[in-house]
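Residue numbers (my numbering): 89 to 360. We put the beta carbon where it would ideally sit given N, CA and C, even for glycine. Keep in mind that this is a model prediction, so the values were computed, not measured. Report on the following structure.
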């Protein structure tokens, strides 16, 4: 194939797009923005002037710290898909900024000895066998609140349709970490009474009786990442008293999120 006319060599294209030659070579290798012609003798890359709009779009995305994998999706996505992808990215970014702000302020205060560490109390509870209806989801922390809200609404409607009754406060079982990079899963549960059959992604099962270390928190301590101190306190108590974890930790939602929030971390344990 001979070189078509009116193409731009990589140098002028880099200058026009305000992208470095090194970046353009990387985008070529990753399939994000590839030249339309590669000179077989010189190895020079050539681009169409019409590719400048894509290059500028990529430049803006990278200025926003959008990961390369997502950039690759965005450059080939249709408009609606691109809007959805960018919205989800921004929501996750906002959650990350909020987490960094909260954690940084807390750490600075600790380093400056401006705050005393809050001492949380541990209560040992005997949990009875309990039938639950649950929905499991793999999500990141940015999706957590909406997922919990939507899943609880689906569970409430499911129980009503099945003519059952809720039998306690809803809770989540964290079967794996949920943060910006790890996605659980979380099992969103509601204790129920009655003869109830599973439907679609809703599971009905019985949790066994167990002992558990319980830590209750209120107000801003219910917010992420402050809530993690309650998890740490429960686990530290289990280990300090010679026990071991019997199951994944549970987060009981006594109230909706907000300034009057109340949550309880319940971590099952057993003898070693």
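Cα-Cα separation between residue i and residue j, rounded to whole angstroms
i: residue 268; j: residue 178; result: 12 Å
i: residue 305; j: residue 146; result: 44 Å
i: residue 310; j: residue 351; result: 6 Å
i: residue 343; j: residue 276; result: 15 Å
i: residue 188; j: residue 284; result: 43 Å
i: residue 281; j: residue 222; result: 13 Å
i: residue 137; j: residue 94; result: 8 Å
i: residue 125; j: residue 98; result: 11 Å
i: residue 175; j: residue 297; result: 43 Å
i: residue 112; j: residue 166; result: 23 Å
i: residue 347; j: residue 139; result: 50 Å
i: residue 155; j: residue 173; result: 12 Å
i: residue 345; j: residue 117; result: 46 Å
i: residue 253; j: residue 115; result: 56 Å
i: residue 149; j: residue 158; result: 9 Å
Residue burial classification, residue i (beta-carbon count within 10 angstroms, cutoff 16)
i: residue 121; result: buried
i: residue 96; result: buried
i: residue 337; result: buried
i: residue 141; result: exposed
i: residue 105; result: buried
i: residue 248; result: exposed
i: residue 102; result: buried
i: residue 164; result: exposed
i: residue 171; result: exposed
i: residue 199; result: exposed
i: residue 123; result: buried
Terminal residues of the beta strand (DSSP E) in which residue i lies
i: residue 281; result: 274-281
i: residue 312; result: No beta strand (DSSP E) holds residue 312; DSSP gives it neither H nor E.
i: residue 227; result: It is not in any beta strand (DSSP E) - residue 227 carries neither H nor E in the DSSP assignment.
i: residue 355; result: 350-359
i: residue 340; result: 338-341
i: residue 212; result: 211-215
Residue nearest to residue i in terms of C-alpha spacing, selected from the options
i: residue 291; options: 225, 106, 151, 175; result: 225
i: residue 241; options: 230, 139, 172, 258; result: 258
i: residue 294; options: 220, 278, 184, 239; result: 220
i: residue 312; options: 118, 171, 228; result: 228
i: residue 211; options: 308, 163, 326, 230; result: 326
i: residue 235; options: 260, 252, 110, 218; result: 260
i: residue 333; options: 169, 107, 263; result: 263
i: residue 107; options: 190, 151, 130, 288; result: 151
i: residue 274; options: 100, 232, 238, 308; result: 232
i: residue 144; options: 162, 127, 354; result: 162
i: residue 67; options: 314, 288, 218, 237; result: Coverage of the chain is limited to positions 89 through 360, which leaves residue 67 absent and any answer about it impossible.
Within 8 Å, strictly: CB atoms of residue i and residue j
i: residue 324; j: residue 356; result: no
i: residue 255; j: residue 286; result: no
i: residue 184; j: residue 119; result: no
i: residue 300; j: residue 215; result: yes
i: residue 180; j: residue 230; result: yes
i: residue 330; j: residue 358; result: no
i: residue 303; j: residue 208; result: yes
i: residue 322; j: residue 353; result: yes
The alpha helix (DSSP H) enclosing residue i, as first and last residue numbers
i: residue 160; result: 156-164
i: residue 114; result: 109-117
i: residue 149; result: 140-151
i: residue 178; result: 167-199
i: residue 98; result: 98-105
8 Å Cβ cutoff, residue i in contact with chain D
i: residue 299; result: In the structure shown, chain D cannot be found, because there is only a single protein chain.
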